[in-house]
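**Student:**
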Amino acid sequence: MIDKFDVVIIGSGAGGAPIARQLVEKGKSVLVLEKGPLLRPSYQVPGERSDFRRDEVYASGTEKILRVPGVANVGESYYSSHAEPDINDEPHVYRGVKKLPDGSEVPADYATIEGYTAQLVGGGTQLYGGVSLRFTPTDLRLKSFNAGRRTPLQDDPNGDALAGVRDWPVTYDELEPYYALAEELVGINGQTKNQVKPFRTGPGGTPGPGPSDYCYQRPLDPNPISAFAHAGMVALGQRLPGNIEPYRPPLAVITEDHAPSGRRLPRAKNGQPDREAAKTSYVNRYGDPLGLKSNTWVSLLSPLEGNPNFTLRPNCVVTHLTSTEGRVSRVHYFDPGGVRRTVEGKLVVVACSAVESVRLLMLSGQEDPAFATRINSSGLLGRYFLTHCFGGARALVPGRYDKSKALDADWATDCCGTDEFLEANGLWAGAAIYNNTSDQALPLSLFRTHGSTDLDTLWKGFMYKPQMRANGFINFLDYEFGRGLSVSFMANQVPQRDNRVELHPTVKDKWGRPVAYVLKTWHPHDVYLMKLMADQCAEILRLGVASSHPTYDIASDYDLNRKYDRNNEYGGSLGSGGVYQAENALARMANHILGGARFGTDPTDSVLDPNCRAWEFDNLYVTDGSFMPTSGGANPTLTIQANALRVAAHLLKRL
Ligand SMILES: Cc1cc2nc3c(=O)[nH]c(=O)nc-3n(C[C@H](O)[C@H](O)[C@H](O)COP(=O)(O)OP(=O)(O)OC[C@H]3O[C@@H](n4cnc5c(N)ncnc54)[C@H](O)[C@@H]3O)c2cc1C
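Under our numbering, think of the first position of the sequence shown as 30, with each following residue one higher.
Have a look at this one:
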């Protein structure tokens with residue numbers, strides 16, 4: 030077995046795969062080590078059945094019980110997907126609070142699946158919703174923006190909201206060609222018109238003709254239910270500075286044949302590409318059996334199959350790195366048979382997703398004190414861990430719609446991301462807003478997201494609600510199915526030094542290694558921002574419904590995220606407020622795990638240099654979401670991919 034490569038990449042998701050793609054194409058030998066399995070879509074499997082399974086059907090065995098010692102939720106039942114680690118094997122632990130019988134609260138640790146995006150070739154992009162927005166130029170210079178702000182920040186009682194904020198060491202203009210390249214290589218449909226981000230670079234790096242749709246494939250027709258979201262976004266935009274109009278959000282699902290990855294749409298009976306095939310409604314949270322969703326396996330890695338420079342080793346968990354005088358000398362892993370192996374790379378790229386990359390670097394430090402000193406010379410490894418401020422509003426709209434034909438989102442607006450909006454509202458950073466068309470498309474998913482207790486505790490929303498049984502449940506389905514429309518925001522979270530990832534002092538994984546320990550709170554300004562943005566989302570729904578149904582009563586105290594206690598009295602239908610208020614609020618990560626190894630220009634103030642190289646290592650790079658010093662006012666994956674392509678260009682110069 031070959032054990033020497035130009036580059037060893039650990040993790041095959043958004044931060045790892047783009048680098049493999051670029052370097053292999055240029056004749057460099059690359060090994061990708063991936064902890065999870067390779068699941069192929071139907072077009073790659075003889076007999077045309079994909080390797081994916083529907084978890085709800087698959088997970089039909091006996092109930093799983095949490096057995097992690099010492100955590101407050103030990104003994105509880107839990108759910109785990111075949112695309113994620115089993116919590117008993119390898120949990121993440123987060124610090125939350127436990128309610129005592131007298132009503133008081135004490136800190137307590139909980140085992141969770143939160144903070145894992147997915148564990149298979151393609152990483153989180155296998156399950157993601159594919160919302161592929163760019164960050165705004167201001168998102169990358171929030172320190173400078175706030176230094177020049179004219180209005181005071183709201184809800185910053187200790188005056189510390191901006192203390193941890195840093196500008197990115199790359200500007201939007203420097204990143205822009207890589208955004209364009211990522212959009213082209215990954216395969217995205219959408220619309221650039223009305224986005225506030227500049228689009229300058231055209232296909233193949235040519236100068237772009239200005240704001241047109243050249244970076245994207247043509248979007249599909251929106252689902253009719255989204256008309257309410259569109260009308261509301263138009264109306265809200267008219268009220269806010271700049272009169273910003275909505276656009277079809279970029280979604281990483283191909284709607285045309287895609288030459289860079291060799292993917293083709295299924296053919297209709299007349300031999301023409303069947304664009305409707307992409308409208309699966311299984312985009313978010315599901316692996317796509319057709320391979321039309323542009324996960325990094327189908328879009329970036331599988332085109333490399335057969336290239337002698339490309340080696341992929343799935344089911345291989347990297348345990349640690351060892352180094353000699355500032356060079357990573359060996360990468361240690363367990364092969365699929367559990368045998369210990371090592372490999373060498375001239376360059377080593379860690380892209381395990383933010384929590385697991387920080388953990389891997391810390392575990393490497395436990396094995397080797399010299400490694401520990403070098404990787405954490407700034408004392409910041411694991412610190413400034415970030416997720417997103419996220420949340421939104423939901424309404425039951427007039428009519429009933431077939432949501433089984435939809436992608437994740439039909440409309441988006443940047444009207445709450447402009448500098449003018451931030452100044453007018455005393456905000457430090459902005460948000461992207463989009464509607465969720467595909468959520469609750471099936472009765473199953475109506476259940477699955479109910480009460481905001483999804484992921485490892487997804488059934489709790491119903492389990493503890495006696496009124497949701499028997500006829501109560503049937504009435505609930507009948508009343509809600511095909512009527513729910515939600516609008517979400519995705520916003521920057523204030524970076525705080527004490528929000529961090531550590532190694533847990535006692536809890537170990539199935540290999541006997543300390544698991545990741547996530548300590549995270551919201552800043553008061555985050556809470557202010559989330560309330561304000563949730564109100565904008567609620568306003569979009571209110572305005573959108575009123576534009577065509579002026580007498581429909583949408584405004585009431587119905588609130589999906591905080592309570593579901595209607596006892597079948599269907600009083601009203603507008604929900605607002607963010608999931609940050611849910612029971613497990615301290616850990617909620619929206620699957621967006623970022624920061625913990627931020628890049629910067631000052632070695633005492635960052636973990637990575639501007640090229641994402643660990644400051645005190647010559648050949649160690651970290652390119653998953655952990656490099657971000659601020660989390661951006663939009664979903665992060667396109668930016669992780671664009672940055673990985675930028676780093677790839679740098680690595681090519683070194684090899
Ligand atoms: C349900 C869901 C919906 C989402 N929707 C969106 C969306 O619409 N838009 C968006 O921008 N983002 C979305 N995301 C987030 C997106 O998936 C992540 O931002 C992105 O995948 C992060 O990229 P990454 O490179 O940091 O990590 P990942 O893509 O998760 O890749 C990390 C990989 O490293 C592997 N790995 C970890 N540890 C080891 C080890 N020790 N050895 C070997 N391999 C290892 C993992 O198995 C994984 O495959 C969503 C995520 C989920 C789960």
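Glycine included, C-beta positions come from ideal geometry on N, C-alpha and C.
Nothing here was measured: the structure is a model prediction, and the numbers come from that model.
Determine the closest residue to V547 out of P534, W540 and D555, with distance taken between C-alpha atoms.
**Tutor:** If we check each option's Cα against that of V547, P534 comes out closest.
**Student:** Any heavy atom of ligand 1 closer than 7 Å to the CB of V160?
**Tutor:** Yes, the Cβ of V160 comes within 7 Å of a heavy atom of ligand 1.
**Student:** Alpha carbons only, please: which of N640, L623, H621 and N620 is nearest the one belonging to G629?
**Tutor:** When only C-alpha atoms are compared, the closest one is N640.
**Student:** Please find out if some non-hydrogen atom of ligand 1 comes closer than 7 Å to the beta-carbon of Q148.
**Tutor:** Answer for Q148: yes, Cβ within range of ligand 1.
**Student:** Using only the alpha-carbon positions, how far apart do A470 and V100 sit?
**Tutor:** One C-alpha to the other measures close to 35 Å.
**Student:** Tell me M519's beta-bridge partners as DSSP assigns them.
**Tutor:** Note: M519 sits in a beta bridge opposite F419 and A461.
**Student:** Which of the three DSSP states, helix, strand or coil, is assigned to V122?
**Tutor:** If DSSP states are grouped into helix, strand and coil, V122 belongs with the strands.
**Student:** Between the C-alpha atoms of P332 and S71, what's the straight-line distance to the nearest angstrom?
**Tutor:** C-alpha separation (whole angstroms): 15 Å.
**Student:** Buried or exposed for T353, please, with buried defined as at least 16 other CB atoms from any protein chain shown within 10 angstroms of its CB.
**Tutor:** Label assigned to T353: exposed.
**Student:** So for P398, helix, strand or coil by DSSP?
**Tutor:** In this structure, P398 counts as helix in the three-state DSSP scheme.
**Student:** Measuring alpha carbon to alpha carbon, tell me which residue in R571, R69 and H349 is nearest P427.
**Tutor:** Nearest C-alpha to P427: R571.
**Student:** Report all residues from its chain with a CB closer than 6 Å to the CB of D317; omit the five preceding and five following residues, and keep chain order.
**Tutor:** Correct list: empty, nothing qualifies.
**Student:** Under the rule that 16 or more other beta-carbon atoms within 10 Å means buried, what is W326, buried or exposed?
**Tutor:** Label assigned to W326: buried.
**Student:** Measure the CB-CB distance between N465 and A438 and report whether it falls below 8 Å.
**Tutor:** Taking 8 Å as the Cβ cut-off, N465 and A438 qualify as a contacting pair.
**Student:** Quick one: measure Cβ to Cβ for A545 and G40, integer angstroms, because I've assumed they're closer than 8 Å.
**Tutor:** Between G40 and A545 the Cβ distance is about 15 Å, and since that is not below 8 Å, they are no contact.
**Student:** May I have the straight-line CA-CA distance separating L162 from K322, to the nearest angstrom?
**Tutor:** The straight-line gap from Cα to Cα measures roughly 15 Å.
**Student:** Do I116 and N218 count as a contact pair if the criterion is CB distance below 8 Å?
**Tutor:** Cβ distance not < 8 Å, so N218 and I116 don't count as in contact.
**Student:** Among the candidates L558, P206 and P66, whose CA atom is the shortest distance from the CA of P343?
**Tutor:** That would be P66, whose Cα lies nearest to the Cα of P343.
**Student:** Anyone know if the C-beta pair for C418 and L269 falls short of 8 Å?
**Tutor:** Contact flag unset, no.
**Student:** At a threshold of 7 Å, does E396 count as lining ligand 1 (C-beta to nearest heavy atom)?
**Tutor:** Checking every heavy atom of ligand 1 against the Cβ of E396, none is found closer than 7 Å.
**Student:** What residue from T351, N500, G355 and T668 has the CA that sits closest to V372's CA?
**Tutor:** For the residues T351, N500, G355 and T668, the minimum Cα distance to V372 belongs to T351.
**Student:** Secondary structure at V103, three-state DSSP: helix, strand or coil?
**Tutor:** Here V103 sits in coil by DSSP.
**Student:** Apply the 10 Å Cβ neighbour rule to N313 and answer buried if 16 or more other Cβ atoms are within range, or exposed otherwise.
**Tutor:** Under this definition N313 is a buried residue.
**Student:** So what does DSSP say about F656, is it helix, strand or coil?
**Tutor:** In the structure shown, F656 sits in a helix (DSSP, three-state: H, G or I).
**Student:** How far does the beta strand (DSSP E) with L62 in it extend, from its first residue to its last?
**Tutor:** L62 -> beta strand (DSSP E) spans V59 to L62.
**Student:** Cβ of S71 within 7 Å of any heavy atom in ligand 1?
**Tutor:** The answer is no for S71.
**Student:** What's the C-alpha gap between P248 and R170?
**Tutor:** The alpha-carbon atoms of P248 and R170 are separated by roughly 31 Å.
**Student:** Would you mind working out which of L681, E119 and V676 sits nearest A211, comparing C-alpha positions?
**Tutor:** Selected option, being the one with the closest Cα: V676.
**Student:** Beta-carbon within less than 8 Å of L681's beta-carbon, same chain only, minus the 5 sequence neighbours each way: which residues are those?
**Tutor:** Within the same chain, L681 has close Cβ partners Q51, L52, K55 and K57.
**Student:** Look at A140 and L95 and say whether their C-beta atoms are less than 8 Å apart.
**Tutor:** Yes, the Cβ-Cβ distance between A140 and L95 is below 8 Å.
**Student:** Hey, out of S290, T154 and W440, whose CA is closest to V263's CA?
**Tutor:** When only C-alpha atoms are compared, the closest one is W440.
**Student:** Taking DSSP as the reference, what is the three-state secondary structure of H679?
**Tutor:** Three-state result, H679: helix.
**Student:** Would you check whether ligand 1 has a heavy atom nearer than 7 Å to the C-beta of A671?
**Tutor:** No, since every heavy atom of ligand 1 falls outside the 7 Å radius drawn around the Cβ of A671.
**Student:** With 16 as the cutoff for other CB atoms within 10 Å, does R498 come out buried or exposed?
**Tutor:** Its Cβ having fewer than 16 others within 10 Å, R498 is exposed.
**Student:** Do you know whose CA, among G291, G261, R293 and G446, lies nearest F164's CA?
**Tutor:** Of the candidates G291, G261, R293 and G446, the one whose C-alpha sits nearest the C-alpha of F164 is G446.
**Student:** Tell me, please, whether the segment 229-236 touches the segment 397-413 by the rule of three or more beta-carbon pairs shorter than 8 Å.
**Tutor:** No: fewer than three Cβ pairs fall under 8 Å.
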